[in-house]
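Protein chains in written order, with numbering that gives the first Met the number 0: chain A, 0 to 311; chain B, 0 to 296. Beta carbons: idealized from backbone N, C-alpha and C, even for Gly. Taking it in order: structure first as structure tokens, then the write-up.
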Amino acid sequence: MKQYLLNRMLSGVIVLLGISIFSFALVHFIPGDPVRIMLGEKATKAQVEQLREQMGLNQPLPHQYLTYMEKAIQGDFGTSLQTERPVIVEIMERFPATAKLAFAGIGIAVVIGLTMGIIAAKYKNTLLDFMLMAAASIGLSLPSFWLGLIVIMLFSVQLGWFPIAGGTGWKDLILPACTLGVLSSAMISRLTRSGMVEVLSHDYIRTARAKGLRESIILFRHALCNVMIPVVTVVGLQIATLLGGAVIIEQVFNWPGIGALAIRAISARDFPMIQGIVLLMGFVYVVVNMMVDLLYGLIDPRVDLITEKEGR
Amino acid sequence: MNEVSKTVAHGATHANSPIFPKLAFWEKIKKQRAAKLSLVVLLLISAIGIVGPWIAPYDPTESNYEAFLQGPSAKHVLGTDAIGRDLFSRILYGTRVTLVVAVMAVGITVSAGTMIGVISAYMGGFIDHLLMRIMDILLALPGIILALAIVAALGPSQTNAMIAIGISSIPSFARLIRAATLVIMSSGYVEASRSIGTPSWWIILFQVLPNITNVLFVYMTLFVGGAILDTAALGFIGLGAQPPTPEWGTMLNEGKDYLSDAWWLATYPGLAITIVVLAVNRLGDALRDIFDPRTQK
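Structure (structure tokens):
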């Protein structure tokens, strides 16, 4: 177990190193002089040279990368070009809002997705199943920003039930969280349905029915546990994505999270901020993935982490 | 190449063909109602993309100062926007813009992804390991963030959005193609070809690629839906096609400021995106059902 954890951590570190190289290289992908582009046309030569010096862009590349990493490990991601405040402070200020939205959204997605998937599987090949899965298909094809706009138009503008956008209170959370939840539930419900349909055809389910167990116990204890592995994987991936900021939804609802910060930084070409956010996303992804791996063993005791390691 | 290897190779493609014969493919599509319907819808939308500019009643970028924010009427079927441009004409023109960007983006994904996937599976060993680790690293970033980061470096424009969306899907596409190639690589005919010294490029070109075409086609379709959504998303946040280009996402962005006065501006472009993506996704699902042996009855 320890060996397995160590291996997972090692591969996590490798992914993080790769992402650090990618985020470092971003500045060097910019066609032309990156400093000139970041500061805009009006910047004086002295300003350009000063920023070049400040970002260490006049040093050799390996030296630049090592300095960048040395600072990043100490939590110093540089200073935002827009606000002139430390990148890490800006990101940390916005993280609670993003986390609140991510967990609320995923919570709703899991409840809706599992319910839809279980019902569709239970009433397989009926009109209900067809309608639920058609809804899931539409959910997968809906642009998140459009659903967001329609929801605002309907519930905030027309009915006036919720504030239009901009706050971080609980009432402000409901619409963006529901939009995220509905969209993410589409994938979960499809996975749950296909898994449940397969499991419900197994002999042990027939045995459970034959001995007169209640249908709810059969569905939730005997069947659902066995379809949770792919569901947990997808939920984990979605949490990792959303914790890095539900970029589009945050923008639509004016939610002051990391996603909105990312868009602002990109529009202003604030590279220290963009690099910081990319690194953070990589870090969140690695941590969440590791937690999901550990969860597998808890959900399904047959998944032995040691043998899984050997299988890889 | 010597005669023996040619015979082995021909035998291989031939022996493999009954599994996915070309005629059977159309027969299967014809039998699937969802696939047939999606295909018809997509053909119709593509036709609109081609002839849109000729059938559009107005110039999509011409403002009409006497027709601000007018609701749907006989004169303007879907209404007008804040500077009096006809929404229906803009959506018609936008079909071409959105489809071209999405298809070109998927083109980038497919060509680079297939190359990386096939080379990785075929070469194995260190190169496979290296390529797949790089793909893993890129997969650690959500697709839209990867695309945004690339747009940040290249600068916001329609072409750069296309490149960014294309690149951001390469990792997952390459992984899928690698898996499909590995299956072909383990078959007897490839082993036979290799054992008689057939050059690698020949095996890849005439044995591996023809046999993964079906899989490639399915994945390509499944990726087009995502590319359309990403194109519109980048347009919506102002980092894709720039105004006054009539791109659907950009149009929604312009419409979001008039939610209380002009519902049609934020409704119809989104509906257009949903219909296209739904049709593409349904077709992709149906094709996957047809080709994936695990879902075959």
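query	result
At least three beta-carbon pairs within less than 8 Å, the region 283–292 of chain A to the region 20–34 of chain A	no
Where Tyr121/B falls, given that 16 or more other Cβ within 10 Å makes a residue buried	buried
Beta-carbon proximity list for Leu181/B, same chain, < 6 Å, skipping 5 on both sides	Ala120
For Leu175/B and Thr191/A, the rounded distance between their alpha carbons	22 Å
8 Å contact criterion, which Leu228/B and Val276/B should meet: CB distance rounded	6 Å
8 Å Cβ cutoff met for Leu77/B and Phe67/B	no
Contact with chain A by Val150/B, beta-carbon distance below 8 Å	yes
Beta-carbon contacts of Gly90/B that lie in its chain and below 8 Å, excluding the five residues immediately before and after	Position check: residue 90/B holds Ile in this sequence, whereas Gly was assumed. Once the five neighbours on either side are set aside, the close Cβ partners of Ile90/B are Leu77, Pro245, Trp247, Met250, Tyr267, Pro268, Ala271.
Cutoff 8 Å: Met152/A Cβ touching any chain B Cβ	yes
Thr85/A, DSSP secondary structure in three states	Per the sequence presented here, residue 85/A reads as Pro, with Thr not at that position. Strand, per DSSP.
Within chain B, partners of Thr240/A - CB distance below 7 Å	Pro141
Residues that Asp85/B bridges to, as DSSP identifies them	Thr79/B
Where Leu139/A falls, given that 16 or more other Cβ within 10 Å makes a residue buried	buried
Sequence-distant residues of its chain with Cβ nearer than 6 Å to Ala163/B (five each side left out)	Ala146, Ile149, Val150
Short CB-CB distance (under 8 Å) between Arg7/A and chain B	no
Rounded C-alpha distance that separates Val69/B from Ser110/B	According to the sequence shown, residue 69/B is Gln rather than Val. Roughly 45 Å separates the two Cα atoms.
Extent of the continuous alpha helix (DSSP H) to which Lys1/A belongs	1–28
Check whether Leu233/B and Gly225/B have beta carbons under 8 Å apart	no
CB contact below 8 Å: Ala261/A versus chain B	yes
Contact with chain B by Arg311/A, beta-carbon distance below 8 Å	Its pLDDT being 39, under 50, Arg311/A is placed unreliably in this model, and the coordinates cannot settle the point.
Neighbour list for Ile273/A in chain B, Cβ cutoff strictly below 7 Å	Ala148, Ala151
Terminal residues of the alpha helix (DSSP H) in which Val231/A lies	227–242
Cβ of Leu263/B within 8 Å of any chain A Cβ	According to the sequence shown, residue 263/B is Trp rather than Leu. For Trp263/B, the answer is no, since every Cβ of chain A falls outside 8 Å of its Cβ.
Beta-carbon proximity check, Ser155/A vs Ile149/A, cutoff 8 Å	no
Exposure label - Glu253/B; buried when at least 16 CB within 10 Å	buried
Which residues DSSP lists as bridging Thr78/A, in chain order	Pro85/A
Rounded C-alpha distance that separates Ile28/B from Leu297/A	43 Å
Through-space distance from Arg7/A to Ile248/A, alpha-carbon basis	32 Å
Spatial neighbours of Ile18/A in its chain, beta-carbon cut-off 7 Å, leaving aside the 5 residues before and after	Val277, Leu278, Gly281
Of the listed residues Pro300/A, Asp299/A, Tyr284/A, nearest to Gly142/B (C-alpha basis)	Tyr284/A
Cβ of Arg287/B within 8 Å of any chain A Cβ	no
Alpha helix (DSSP H) segment containing Tyr267/B, residue limits	262–290
Inter-residue spacing [alpha-carbon to alpha-carbon] between Leu282/B and Leu60/A	47 Å
Reference Ile166/B, options Leu153/B, Arg177/B, Ala178/B, closest by Cα	Leu153/B
C-alpha distance - Pro155/B paired with Gly237/B, whole-angstrom precision	8 Å
Residues near Arg35/A in its chain [Cβ-Cβ closer than 8 Å; skip 5 each side]	Ala42, Val47
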